[in-house]
Every structure is written in structure tokens, then in C-alpha cells.
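Here the protein sequences come in this chain order: F and Z. Each residue of the first sequence is one higher than the last, beginning at 1 in our numbering. Each residue of the second sequence is one higher than the last, beginning at 1001 in our numbering. Just so you know, even glycine gets a beta-carbon here, dropped at the ideal spot from N, CA and C. One structure is given below, encoded as C-alpha cells.
2 protein chains.
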Amino acid sequence: MRIALLVFDNLTALDAVGPYEVLSRLPGAELRLVGKEVGVKRTDTGALGLEADLALSELPDPDVLLVPGGAGSRPLMSDRDVLDWVRSAHQGSTWTTSVCTGALVLGAAGILQGKRATTHWAYLDRLRELGAEPVSERVVEDGKVITAAGVSAGIDMALGLAARIAGEQVAHAIQLGIEYDPQPPFDSGSPAKAHPNVIELVRGAEGSRPT
Amino acid sequence: MRIALLVFDNLTALDAVGPYEVLSRLPGAELRLVGKEVGVKRTDTGALGLEADLALSELPDPDVLLVPGGAGSRPLMSDRDVLDWVRSAHQGSTWTTSVCTGALVLGAAGILQGKRATTHWAYLDRLRELGAEPVSERVVEDGKVITAAGVSAGIDMALGLAARIAGEQVAHAIQLGIEYDPQPPFDSGSPAKAHPNVIELVRGAEGSRPT
Chain F
1 MRIALLVFDN LTALDAVGPY EVLSRLPGAE LRLVGKEVGV KRTDTGALGL EADLALSELP
61 DPDVLLVPGG AGSRPLMSDR DVLDWVRSAH QGSTWTTSVC TGALVLGAAG ILQGKRATTH
121 WAYLDRLREL GAEPVSERVV EDGKVITAAG VSAGIDMALG LAARIAGEQV AHAIQLGIEY
181 DPQPPFDSGS PAKAHPNVIE LVRGAEGSRP T
Chain Z
1001 MRIALLVFDN LTALDAVGPY EVLSRLPGAE LRLVGKEVGV KRTDTGALGL EADLALSELP
1061 DPDVLLVPGG AGSRPLMSDR DVLDWVRSAH QGSTWTTSVC TGALVLGAAG ILQGKRATTH
1121 WAYLDRLREL GAEPVSERVV EDGKVITAAG VSAGIDMALG LAARIAGEQV AHAIQLGIEY
1181 DPQPPFDSGS PAKAHPNVIE LVRGAEGSRP T
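As C-alpha cells, then:
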């Protein structure tokens, strides 16, 4: 089970590392961080570096493709090398997945055409321009394409995917291993729950530093 | 607000990246990944490299200290350079925090003596040997020391800490920004909820690859 996790400068770290922490624990998983070039990619805050261990050409045919988001996903939407790789990897993949605005890259590659999909709540409208049907759910599955909502949603997506790949008992064991029994101290994690002032605050910030 | 996130070989990535994703979004935060030596540290699965940008001596006096866990935390428990740095950083810190088995490093540094603390559920007993009072809660605060349970608990801990540092509205905005509205597909994230077979499976795996 070869899993390709695309990384790039200005990605959002948790988009990638949430699913990594789940999927890398699958028995027989061979998860690799893949970049347009190998080397360290700095995240959108600049404060964290994640290493791309393989170039795109070194893993053209993963079983699972995962595209995280972050401001750095926007330039990828017009990067022919990346889009060609995404399209080609998708052709042979068992599962093609995204977290947050990683969905916009799948969309730019034409993969979401006519499909139900989700992304970070502040970018949901963008999916329609890319031919998808935006769905305001945490994880959306359409055929072999699974898209997750913003940032932390990748953990939920990956646990469901782990069960599809290796069965529920393995997924339960992974959930217990990472003690994923979430107890957020506040209930402000979606625009349906957050105070309007908080929503406006985040929308404003997204304008300057897209997630 | 200078935040030091200790990284080392064989750490668990999500222990570090969960809190990073929350705390790096605090207004005025200057979060740095600090290692015994600068350079890329490989995680416990070997599949992911995180870069330490500063050596310990370059950030001796952070406002917030965060120690993640993973198998690689065990050698740190007898590493004089690291323990000296942890003790010294703790002396001047506003908050000293850990995720998962990072608590064992705080304990080995003598910081948990007589304190209520938590860690990954499979390692809770170890805290007593280090002079702490083990508490089976997701986040435990005792004075300026905050310890979180296993791996994913660092996200919950960091959100609470964000509110303490910058107020609840900022914490709510961060939660909404990372769309942290968790919807795990299964309810197997703690030993109180998981099936006994799953608990045994994880305990067995912890023996060979401690979290």
C-alpha cells in the first residue's frame, strides 16, 4: 500500500500530518512525502519545515494519493508538472484524497468534475467553479475520491479510509493508539457553531493568509 | 511570545504538529522547532522528517515550552543536555507543556514532582515513578505545567492554552480557522471506550513501538 502525500511550500502542516499519523500506522503502509523537488518545504506560517523525500517522478503510481491544502495549494492549481502528476496518479490510484484547500488542486486537475466534494468552509464556493458540487460535510466520498473539510478534518477522513483499507478493528486500534477522543474546550469549529464576529474575523484573516 | 517546540528523532509527528497548528496562529507568536542539533529529525515511523531550526542553546528562555512524545522521548530521559535545557527553560517559562510521552521527559527533569499530570494512557503508570500523580484526563493543568494525553490530545490542550494566552475569542477563531469540529467515524479513542481486544492489540504494539 503505497501512499503519496504531496508537500509543497506554504502548505498547512496539520492537513498533511493528521492523515500521516493515521495512515502511516496501517499494516504494510509505505507512506512517502512527495514534492515537486525533494527537500524541506516550509509551511504557511514559515515556522515549520517538512521534508519531501521523493520527487514526483519517483512515485508516479501510488495506491493512495493525498493532497493537503494551505496558501501554497493555489500556485499548484496552474502548475502543469504537479497537475499532470496528480491526474496520472489518480488514474491508477485506489483512493484519491484531499484535505482542506487541497481539493482545489484536485479540482484544477479536473478530477472533481461532476463530483460531490468538500474543502475548508471559507473556500467551498470555489469548488463550483472547478466543476464540483460543493457539500458542506466533514468528509465527502464520491467514487474513489474522498475530500475532507478544513485542516483537522483530515484526521477524521483518514480514520474512515483506514477502515476501508484494513478493516474497522485496525482503524479502532489506530484511533486508540493516537488517543483520538477529541474534547475541544470550545465549540467554535464550524461556521454553523461559531459566533458571527468570530466568523468575520477568520474570513478577514483568510483574505491575507489563506488556509 | 516565544514558543519552543522540542523535536528529536523518533518523535510522534502529530504530538508536535497539532499544537503547532494552534499556537503558531496566536497573534505575535514566534514558534520555533528546537533540537539538540539543528537539522531534520525523522519521526517514529521513519516516514516523515521535521526540521529543527534552532539548537537548544539558541532558545534557552522561551515563554512557552512544549515537549512532544514518541519512542524518541525515552532516550531524552537520560540525556543531560536536554534535561538541563528543559529545567532551565521551565524556570523562566510562563507555561511548560507536554503531549503524550513528552510528559516522561518533564518528569525525568524533575518538573512533575508532586504535580498532577497525564500522558498517553498506556504510559500513565510511569508518571508515578517520576514523582507525579497520574491523572486520567485529556488535559491536566497544575500551576504553570500543562500535560496532555496521547498524540491528538495536544490539539485540545493547545486550544485551551491559546485562550489562556490571548483570550477566548482568539481561541475560537483559531478553532474555526482549523475547522476543528471533530467527527471521528468511530468511538474507540480511549481505553474506556475501546473494545478489550483493541486495547490488547495496541498495548502489544506499544511494546514494540512506544508512542
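Query: Interface positions of the segment 1130–1151 of chain Z facing chain F (Cβ-Cβ less than 8 Å), listed along the chain; Result: R1138, V1139, A1149, G1150, V1151
Query: Inter-residue spacing [alpha-carbon to alpha-carbon] between R25(F) and E1021(Z); Result: 21 Å
Query: Selected residue, minimal CA-CA separation from A47(F), among D79(F), G28(F), V170(F), L14(F); Result: L14(F)
Query: Buried or exposed by the 16-neighbour rule on C-beta atoms within 10 Å, applied to G49(F); Result: buried
Query: Beta-carbon proximity list for V151(F), same chain, < 8 Å, skipping 5 on both sides; Result: T12, L14, D15, G18, G69, V99, C100, H120, T211
Query: P19(F) at chain Z interface by Cβ criterion, 7 Å; Result: no
Query: Amino acids of chain Z, ordered along the chain, whose beta-carbon sits closer than 7 Å to that of S24(F); Result: T1045, A1047
Query: Burial state of G35(F) (16 or more Cβ within 10 Å); Result: buried
Query: I178(F) at chain Z interface by Cβ criterion, 7 Å; Result: yes
Query: Exposure label - A103(F); buried when at least 16 CB within 10 Å; Result: buried
Query: V1198(Z) beta carbon less than 7 Å from that of A52(F); Result: no
Query: Residue environment, S1078(Z), which counts as buried when at least 16 other CB atoms sit within 10 Å; Result: exposed
Query: Contiguous alpha helix (DSSP H) assignments of at least 4 residues, all confined to the segment 99–126 of chain F; Result: 102–108
Query: E213(F) versus D9(F), T45(F), E30(F), residue with shortest Cα-Cα distance; Result: Because chain F here runs from 1 to 211, residue 213(F) falls outside it and cannot be looked at.
Query: CB contact check: D1181(Z) to chain F, cutoff 7 Å; Result: yes
Query: Sequence ranges, beta strand (DSSP E) only - wholly within the segment 25–64 of chain F, length at least 3; Result: 30–35, 39–42, 49–52
Query: Completely contained alpha helix (DSSP H) runs for the segment 1126–1163 of chain Z, where each covers 4 or more residues; Result: 1126–1129
Query: Within 7 Å, strictly: CB atoms of G76(F) and V105(F); Result: Reading off the sequence, residue 76(F) comes out as Leu, not Gly. Cβ distance < 7 Å, so L76(F) and V105(F) count as in contact.
Query: Three or more C-beta pairs below 8 Å linking the segment 1118–1138 of chain Z and the segment 1159–1170 of chain Z; Result: no
Query: Cβ-Cβ distance between Q1175(Z) and L1159(Z) below 7 Å; Result: yes
Query: CB contact flag (T97(F), H90(F), <7 Å); Result: no
Query: Where the beta strand (DSSP E) through L5(F) begins and ends; Result: 2–6
Query: Paired residues, beta bridge with T1097(Z) - DSSP; Result: L1066(Z), I1146(Z)
Query: Spatial distance of R1074(Z) from E1030(Z) (CA atoms); Result: 28 Å
Query: A220(F) versus D125(F), L124(F), V67(F), G143(F), residue with shortest Cα-Cα distance; Result: This structure cannot speak to residue 220(F), because chain F is shown only from 1 to 211.
Query: is_contact[D1156(Z), chain F] using C-beta, thresh 7 Å; Result: yes
Query: 7 Å Cβ cutoff, L161(F) in contact with chain Z; Result: no
Query: Beta bridge counterpart(s) of L1011(Z) as assigned by DSSP; Result: T1043(Z)
Query: Three-state class that DSSP yields for H213(F) in the structure shown; Result: Because chain F spans 1 through 211 in this model, residue 213(F) falls outside it and cannot be assessed.
Query: CB contact below 7 Å: P1068(Z) versus chain F; Result: no
Query: Nearest residue (CA-CA) to A1153(Z), options V40(F), L83(F), P184(F); Result: P184(F)
Query: DSSP three-state assignment for G1092(Z), whether helix, strand or coil; Result: helix
Query: Three-state class that DSSP yields for T1211(Z) in the structure shown; Result: Caution applies to T1211(Z), whose pLDDT of 46 falls short of 50 and renders its modelled position unreliable; the model cannot decide the point.
Query: Per-residue DSSP class, three states only, for P75(F); Result: helix
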